[in-house]
Amino acid sequence: MILKRQYFSVHIKRNLAYPWFIYGACFHCVFCFYNPRLTLKQDDAQLVYNRNYSHTVLFHQEGSNSLFVGGINNVLHFDVDSRQIVENFTLNPNLRCGESSCENVVTIIERFQDYTFVCGTNGNQPKCWKLFPRESNHSTEDIEGIGFSPYTCSQNSLSLVADGDLYVAAPLYSDGTLLQFRRKAGRTNVWMYDQWVSEPTFISSFLAKNKNDPLNEKIYVLFREKNSDTSPEADPWISRVARVCKVDEGGPKQLLQNIWTSFLKARLVCGIPRESLYFNRLQDVFIQHADDWRDSRVYALFSSSWNSTAVCIYSLAELDFVFENSTFKGYSEAIPTPRPGACVKQSNSIPISTLQIIKDHPEMKEWIHPIQKDTPFFTSNKNFTKIAVDRVQASDESIYSVLLLATVIAHHTPCELICFPLFALSIVLQKLSLVL
-4 MILKRQYFSV
6 HIKRNLAYPW
16 FIYGACFHCV
26 FCFYNPRLTL
36 KQDDAQLVYN
46 RNYSHTVLFH
56 QEGSNSLFVG
66 GINNVLHFDV
76 DSRQIVENFT
86 LNPNLRCGES
96 SCENVVTIIE
106 RFQDYTFVCG
116 TNGNQPKCWK
126 LFPRESNHST
136 EDIEGIGFSP
146 YTCSQNSLSL
156 VADGDLYVAA
166 PLYSDGTLLQ
176 FRRKAGRTNV
186 WMYDQWVSEP
196 TFISSFLAKN
206 KNDPLNEKIY
216 VLFREKNSDT
226 SPEADPWISR
236 VARVCKVDEG
246 GPKQLLQNIW
256 TSFLKARLVC
266 GIPRESLYFN
276 RLQDVFIQHA
286 DDWRDSRVYA
296 LFSSSWNSTA
306 VCIYSLAELD
316 FVFENSTFKG
326 YSEAIPTPRP
336 GACVKQSNSI
346 PISTLQIIKD
356 HPEMKEWIHP
366 IQKDTPFFTS
376 NKNFTKIAVD
386 RVQASDESIY
396 SVLLLATVIA
406 HHTPCELICF
416 PLFALSIVLQ
426 KLSLVL
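Numbering (this note's numbering), first residue to last: -4 to 431.
If you want it as structure tokens, here you go:
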């Protein structure tokens, strides 16, 4: 495969390491545009999709050849090597309705414990299912889905499985309100204090593994929320990154019981400071993990009020430095010990003085800036909405990072890397030691 961009080209020796993004483009194109068409072979029969799906959920477990695709009331287990459908799960065979609002749209697919955990809107009555492979002796089980899945696919939701725990963000009420990031299964259920965020849209979450110090492993959550600054020149939305400790099990009965005792948030900045231009609306995130968590990179895709998009790259070490050293916005007194946000083995033993700061002043005063501070890594006047990054070896034995950006506009978009109309651009990142 030859990747080309303006003045140079590089010959890639192998396939991209993230085929799920490619297959995702295929399914998204098929399900979301005016003339959907897809034919897959299942044994000797053909399974034809000929309807327009406006919402599709994909799940790929790292290292496997399986891709799970959720649509309307069913989940396909797809083998990406043979391009065969391994299994087709029907979730609620008793759901009968003609209106779209009554459909069971799949919103979550995760591998949890020994089963595939799937949730859907279930006709505005969220429900979840435990799916087992057909060779097992288990039948499909269903459980209550409120708090796991949104009521409609247009409502925001997020899910993450990390070290045996299931974290989700989904509204508790049918009108989309009380949207929080919670730990819903595994160890103790923990949720957020209502005042910590304002009308959030959760984008991504991930666990930063720290093999040498598991007590201090953190869950990071990236989102945008309503800006408290209502002045005419202020953008109505502001991008954030929040952090909680993986071992956090909530506070004592007096304060923050079953509520995060380590929640901190900071503003995520991407822009051109010298021109006072900022891309404030976080759209998508890709995490490039490293063996040492401090070397991990956060690739964030932003949009702006003037219909442009930008990519900024953040160092997880620098991001964490802000949480560990910044003062707290709105708080000017001495910082108690342990420092608010610190990970402790028994979170219900944290002093009230520390918890009070977490409750009332969880925001960092300092902002989080990208590695390249004076300008975004990449800007465009196209409306990109998805991002992925891969590391590939070229024929000269050099390692390159490949940035893939996607837009929902299917027609008249150039495609140099992979010939799916969804892909709008592919860039080979030059080997800059500052970034890589």
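We treat Cβ as the ideally placed atom computed from N, Cα and C, and that holds for glycine.
In the pairwise beta carbon analysis, the stretch 342 to 359 is classified as not touching the stretch 383 to 394: fewer than three pairs are separated by under 8 Å. Three or more pairs of CB atoms, one per stretch, sit closer than 8 Å, so the stretch 165 to 182 contacts the stretch 135 to 150. Of the other Cβ atoms in all chains shown, fewer than 16 fall within 10 Å of the Cβ of residue 77; this residue is therefore exposed.
Between residue 158 and residue 178 a beta carbon distance of about 11 Å is seen, past the 8 Å cut, so the two are scored as non-contacting.
Residue pairing by DSSP places residue 174 opposite 166 in a beta bridge.
Rounded to whole angstroms, the Cβ separation of residue 104 and residue 66 is 11 Å, and the two are not in contact under 8 Å. CA-CA distance, residue 57 to residue 327, rounds to 45 Å.
The straight-line gap separating the alpha-carbon atoms of residue 251 and residue 241 is approximately 16 Å.
Secondary structure note for residue 126: its beta strand (DSSP E) is the uninterrupted segment 122 to 126. Comparing alpha-carbon positions, the option among 356, 205, 68 and 89 lying closest to residue 338 turns out to be 205. Note that the C-beta distance between residue 142 and residue 165 is below 7 Å. When secondary structure is reduced to three states using DSSP, residue 366 falls in the coil class, being assigned neither helix nor strand. Contact annotation, residue 111 with residue 126: C-beta distance approximately 4 Å; criterion of less than 8 Å satisfied. Counting along the chain, residue 355 sits inside no beta strand (DSSP E); it lies in the alpha helix (DSSP H) bounded by residues 347 to 355.
Selection 187, 281 and 200 evaluated against residue 258 yields 187 as nearest (Cα-Cα).
Look at residue 74 here: in three-state DSSP terms it is strand.
Taking C-beta atoms as the reference points, residue 357 and residue 248 fail to come closer than 7 Å. Around the beta carbon of residue 227, a 10 Å sphere encloses fewer than 16 other beta carbons of the protein chains shown; the residue is thus reported as exposed. Around the beta carbon of residue 122, 16 or more other beta carbons lie within 10 angstroms, which makes this residue buried. DSSP places residue 339 outside any alpha helix (DSSP H), giving it a letter other than H or E. For residue 232, the three-state secondary structure derived from DSSP is strand. Secondary structure of residue 153 (DSSP, three-state): strand. Within its own chain, the residues whose Cβ lies closer than 6 Å to the Cβ of residue 292, once the five positions on either side in sequence are excluded, are 283 and 308, listed in chain order. Taking C-alpha positions only, residue 69 is separated from residue 202 by approximately 29 Å. DSSP, reduced to helix, strand and coil, places residue 391 outside both helices and strands of the structure shown, so it counts as coil. The bridge partners DSSP lists for residue 109 come to none. For the pair residue 344 and residue 118, the Cα-to-Cα distance works out to about 43 Å.
In the structure shown, residue 186 falls within a strand segment according to DSSP collapsed to helix, strand and coil.
With a cutoff of 7 Å on beta-carbon distance, residue 192 and residue 220 are scored as near each other. DSSP assignment within the stretch 183 to 269 yields the following whole beta strand (DSSP E) runs of 3 residues or more, N-terminal first: 196 to 203, 213 to 221, 232 to 240 and 259 to 262. Annotation: residue 317 is outside any beta strand (DSSP E); the continuous alpha helix (DSSP H) that includes it extends over 311 to 320. Counting along the chain, the unbroken beta strand (DSSP E) around residue 292 starts and ends at 292 to 298. Its chain contains 183 and 342 as the residues whose beta carbon lies nearer than 6 Å to that of residue 244, once the 5 sequence neighbours on both sides are disregarded; these appear in chain order.
Burial check for residue 198: the Cβ neighbour count within 10 Å reaches 16 or more, so the residue is buried.
For residue 85, the enclosing beta strand (DSSP E) has its first and last residue at 79 to 85. Around the beta carbon of residue 319, fewer than 16 other beta carbons sit within 10 angstroms, so the residue counts as exposed.
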